[in-house]
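**Q**
Residue numbers (the numbering used here), protein chains in the order written: chain A, 6 to 186; chain B, 6 to 186.
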């Protein structure tokens, strides 16, 4: 039996990213779940951001940002950066996170996140209460301690988590599923 | 220590959706990981699809589709529908899946998936090798057996999984993280 529900953004699970962006006084961080890989070549991502968010202004000025993937150890910073405004807080300082220079873009990376994705803004698409920022990935960094011997991401080392918009919950990853190929 | 890497679509984890779409002879299914919630109001999603995929044609004709969220029991169907073409296979029949009528759109839902999201295509945005389909969510269905007593999605009942583009692996969800609010 299926139950019919009002329409809502029901894709689950969703990624969680900490978007870092250059600012005038200090760089800012915003937690986003409306975020996705969208194209392999050129490697492109999209993030949905409300027009009234402080980071909306900052990205419009900087024309770039970094998507930083948090681990379960950064849940508190993830929640803080998703609920507070950079107009009121220096979130790097409040969360004890360290901005470090990116290779290609003006926005800093978050040192404590094991995966950092440097992005250059390509276009802003109005959708509704969120606008969609389309960006090209220009560089990726991964912590050596989350890589296996062949240099590939090892999820037994990087303790990632995911967001469930339908319930507002965060869930850790469990086990690798055996492919049937 | 961070290692610098070539640019690629490095957001992890990614959702996995089975997109079902009406067809001339039979409806089709395509597995997608380039998929995201992007806007709360109107509730909107985006999916990235290569121009040469059969479902690209079908969605362009139908002007709608359904995003069906698979469980770990449907891993085989997920892999089959991601690697085979609807030009060569009736994937519903091959995978033993059941198309059932949607409430609002012409494309059918997949009965065996516990979450079904009816979507109407709004625009197609060229990005690169993938085009981005922006769509509005017009109805959501969830199986009664994945809901808790209050009618909310219960992830201890719905065994969801996630995709890791960086490694090509599927991972189950683990545990609910305790919010620090």
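We put the CB at the ideal spot given by N, CA and C, even for glycine.
Answer yes or no: does any C-beta atom of chain B fall closer than 8 Å to that of residue 23/A?
**A** Not closer than 8 Å to any Cβ of chain B, the Cβ of residue 23/A fails to qualify, so no.
**Q** Between the Cα of residue 18/A and the Cα atoms of 140/B, 42/B, 130/B, which residue gives the shortest distance?
**A** When each option's Cα is compared against that of residue 18/A, the closest is 42/B.
**Q** Near residue 144/B, what residues of its chain come up, given a Cβ to Cβ distance below 6 Å and the 5 sequence neighbours on each side ignored?
**A** So the list reads 108, 109, 123, once near-sequence residues are dropped.
**Q** Can you determine whether any heavy atom of the ligand SAM sits closer than 7 Å to the C-beta of residue 168/B, and answer yes or no?
**A** Ligands are entirely absent from the displayed structure, and the ligand SAM is therefore not among its contents.
**Q** Would you report the Cα separation of residue 180/A and residue 167/A, rounded to the nearest angstrom?
**A** Rounded to whole angstroms, residue 180/A to residue 167/A spans 14 Å at the Cα level.
**Q** Could you tell me which chain A residues have their CB closer than 7 Å to the CB of residue 9/B, listed as they occur along the chain?
**A** Within 7 Å Cβ-Cβ: 108, 144, 146.
**Q** Measuring CB to CB, does residue 9/B end up less than 8 Å from residue 157/A?
**A** Not in contact: residue 9/B and residue 157/A (Cβ atoms no closer than 8 Å).
**Q** Taking only runs that begin and end inside the segment 78-164 of chain A, name each unbroken beta strand (DSSP E) of 3 or more residues, in chain order.
**A** Segments of the beta strand (DSSP E) lying fully in the segment 78-164 of chain A: 120-131, 135-148.
**Q** If you check the beta carbons only, do residue 87/B and residue 44/A fall under 8 Å apart?
**A** No. Outside cutoff.
**Q** Could you check where the alpha helix (DSSP H) with residue 63/A kicks off and where it finishes?
**A** Per DSSP, residue 63/A belongs to the alpha helix (DSSP H) from 59-67.
**Q** Below 9 Å on C-beta distance, what does residue 87/A contact in chain B?
**A** Correct list: empty, because the minimum Cβ distance to chain B is about 11 Å.
**Q** If I follow the unbroken beta strand (DSSP E) through residue 182/A, where does it start and stop?
**A** Looking at the DSSP string, residue 182/A is not in any beta strand (DSSP E), and its letter there is neither H nor E.
**Q** Within the 8 Å Cβ cut-off, does residue 4/A reach chain B?
**A** Since the displayed chain A opens at 6 and closes at 186, residue 4/A lies outside it and no answer follows.
**Q** Three or more C-beta pairs closer than 8 Å, one from the segment 129-144 of chain B and one from the segment 169-177 of chain A: is that the case here?
**A** Counting Cβ pairs under 8 Å, fewer than three are found: no touch.
**Q** For residue 39/A, which three-state DSSP category applies?
**A** Coil.
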